[in-house]
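Before any comments, here is the structure.
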Amino acid sequence: MNPYILSILLFGLGLGTMTTFASSHWLLAWMGLEINTLAIIPLMAQHHHPRAVEATTKYFLTQAAAAAMLLFASTTNAWLTGQWDIQQMTHPLPITMITLALALKVGLAPLHAWLPEVIQGLDLTTGLVLSTWQKLAPFSLLLQIQTSNPTMLILLGLASTLVGGWGGLNQTQLRKILAYSSIAHLGWMILVMQFSPSLTLLALMTYFIMTFSAFLVFKLNKATNINTLASSWAKMPAITALTPMILLSLGGLPPLTGFLPKWLILQELTKQALPLTATIAALTALLSLYFYLRLCYAMTLTMSPNNLTGTTPWRLPSSQLTLPLAITTSMTILLLPLAPAAMALMTI
Numbered sequence: 001m002n003p004y005i006l007s008i009l010l011f012g013l014g015l016g017t018m019t020t021f022a023s024s025h026w027l028l029a030w031m032g033l034e035i036n037t038l039a040i041i042p043l044m045a046q047h048h049h050p051r052a053v054e055a056t057t058k059y060f061l062t063q064a065a066a067a068a069m070l071l072f073a074s075t076t077n078a079w080l081t082g083q084w085d086i087q088q089m090t091h092p093l094p095i096t097m098i099t100l101a102l103a104l105k106v107g108l109a110p111l112h113a114w115l116p117e118v119i120q121g122l123d124l125t126t127g128l129v130l131s132t133w134q135k136l137a138p139f140s141l142l143l144q145i146q147t148s149n150p151t152m153l154i155l156l157g158l159a160s161t162l163v164g165g166w167g168g169l170n171q172t173q174l175r176k177i178l179a180y181s182s183i184a185h186l187g188w189m190i191l192v193m194q195f196s197p198s199l200t201l202l203a204l205m206t207y208f209i210m211t212f213s214a215f216l217v218f219k220l221n222k223a224t225n226i227n228t229l230a231s232s233w234a235k236m237p238a239i240t241a242l243t244p245m246i247l248l249s250l251g252g253l254p255p256l257t258g259f260l261p262k263w264l265i266l267q268e269l270t271k272q273a274l275p276l277t278a279t280i281a282a283l284t285a286l287l288s289l290y291f292y293l294r295l296c297y298a299m300t301l302t303m304s305p306n307n308l309t310g311t312t313p314w315r316l317p318s319s320q321l322t323l324p325l326a327i328t329t330s331m332t333i334l335l336l337p338l339a340p341a342a343m344a345l346m347t348i
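Numbering (my numbering), first residue to last: 1 to 348.
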């Protein structure tokens, strides 16, 4: 892609998200979301592959439907209460509609069906942008809405953790596995959103770091399915040794970074007298952990049948920058000791 066009599109991505961040009026927030969607569409379709064009079309249709629903709900709110302000949502009907529209935008279950299909059709870089940056604007709006129906958010969260774990079990495509992983992580964030918004932000940031690291590893390996991972030991033994720790961090095992948000979320849910919700969420995390372990097993304990033992397969040197991978991998593995600092920040 022409670098000038690419820079304009990336500027549009940033502008859309920042517009939504800075807005207190529903129309301006909607405009930011639309700029965001329109900026990523050319990035998604840039390879002109039929799969990419199909993914782009699906993405455009779902985002357009969610944006239309959001606009309709905010207009309904203005009609019922005379308010366009995001913080002044009082009527339960528009609040419910907007929550569902934003759930469709980020891909929460049961409105998740588009996300694995879309990410599967994209290359890993665009998939990374879709899994991380594109979640920021809708999340900033979800955090600002004072929900009138706490049960709905809990049901959305539990459904997402369950679907995210269950859906990834029989997948062989890495991008689909990462998409289901994204759905499960979003479920954890939604569960605790109404009780502790700062904890939701902490979970979102740790999810971004871990997902960034996972996508960069797969991009460096040029891996798109589980079988491709089996030959990575001969290409990059050091990264192959570290990748299981990245994946287990995504699964939320101690003493890795991914354990921190899950631990604090379970603690918060228990404080709010929701032990059953906490138990179900913890059990659904085991489903996700299973497919991360499957990836670890394929990467480190199996040998690819198509190359001889001990020989490095011929390959071109990678032009990918390894500094972002090094930084995010270190953060994915080593941030758990910062838990007291995170808890102190959340109580401010």
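For glycine and all other residues, C-beta sits at the position ideal for the given N, C-alpha and C.
- Item | Inter-stretch contact at 8 Å, needing at least 3 Cβ pairs: the region 248–258 / the region 289–297 | yes
- Item | Cβ contact (3+ pairs, closer than 8 Å) linking the region 22–40 and the region 81–96 | yes
- With burial defined as no fewer than 16 other Cβ atoms inside 10 Å of the residue's Cβ, what is the status of H48: buried or exposed? Position 48 of the sequence shown, counting from 1, holds the residue named residue 48. Exposed, because fewer than 16 other Cβ atoms sit within 10 Å of the Cβ of H48.
- Query: For the candidate residues S198, P317 and V129, whose alpha-carbon lies nearest to that of L345?
  - Reply: Reading the sequence shown from its first residue, position 345 is the one you call residue 345. If we check each option's Cα against that of L345, S198 comes out closest.
- Touching by the beta-carbon criterion (3+ pairs, under 8 Å), the region 159–168 and the region 176–185: yes
- Using the beta-carbon count (16 or more within 10 Å), is I5 buried or exposed? Sequence index remark: in the sequence shown, residue 5 carries index 5 (1-based). Answer is exposed; the Cβ neighbour count stays below 16.
- Item | Bridge partner(s) assigned by DSSP for H25 | Position 25 of the sequence shown holds residue 25. Note: H25 sits in a beta bridge opposite D85.
- T126 to W114 span [Cα, whole Å]: Translated into positions along the sequence shown, residue 126 becomes position 126. Translated into positions along the sequence shown, residue 114 becomes position 114. Cα to Cα, the separation comes out at about 16 Å.
- Would you decide whether K271 is buried or exposed? Buried here means 16 or more other CB atoms lie within 10 Å of its CB. Here residue 271 refers to the residue found at position 271 of the sequence shown. With fewer than 16 Cβ atoms within 10 Å of its Cβ, K271 is classed as exposed.
- Task: May I ask you to report which of helix, strand or coil DSSP gives N225?
- Result: The residue given as residue 225 occupies position 225 in the sequence shown. Three-state result, N225: strand.
- Item | Per DSSP, cross-strand counterpart(s) of Q173 | As a working note, residue 173 is residue 173 in the sequence shown. According to DSSP, Q173 bridges with N225.
- Identify, in the order they occur along the chain, each residue of the same chain with its Cβ nearer than 7 Å to the Cβ of G121, setting aside the five sequence neighbours on each side. Locating residue 121 in the sequence shown gives position 121, where the first residue counts as 1. These residues qualify, in order along the chain: R51, A52, E54 and A55.
- Message: So for Q320, helix, strand or coil by DSSP?
- Response: For the purposes of this step, residue 320 is identified with residue 320 of the sequence shown, where counting begins at 1. Looking at Q320 - three-state DSSP - the assignment turns out to be coil, as it is neither helix nor strand.
- Query: Where does F350 fall in DSSP's three states?
  - Reply: The chain is shown from 1 up to 348; residue 350 falls before or after that span and cannot be answered.
- Item | Per-residue burial, G82 [other beta carbons within 10 Å of its own, 16 or more giving buried] | Counting from 1 along the sequence shown, the entry for residue 82 is found at position 82. G82 is exposed by the Cβ-count criterion.
- Message: Quick check: the Cα distance between T206 and P340, rounded to an integer number of angstroms?
- Response: Taking the sequence shown and counting its residues from 1, one reaches residue 206 at position 206. Taking the sequence shown and counting its residues from 1, one reaches residue 340 at position 340. Using only the alpha carbons, I get a separation of about 15 Å.
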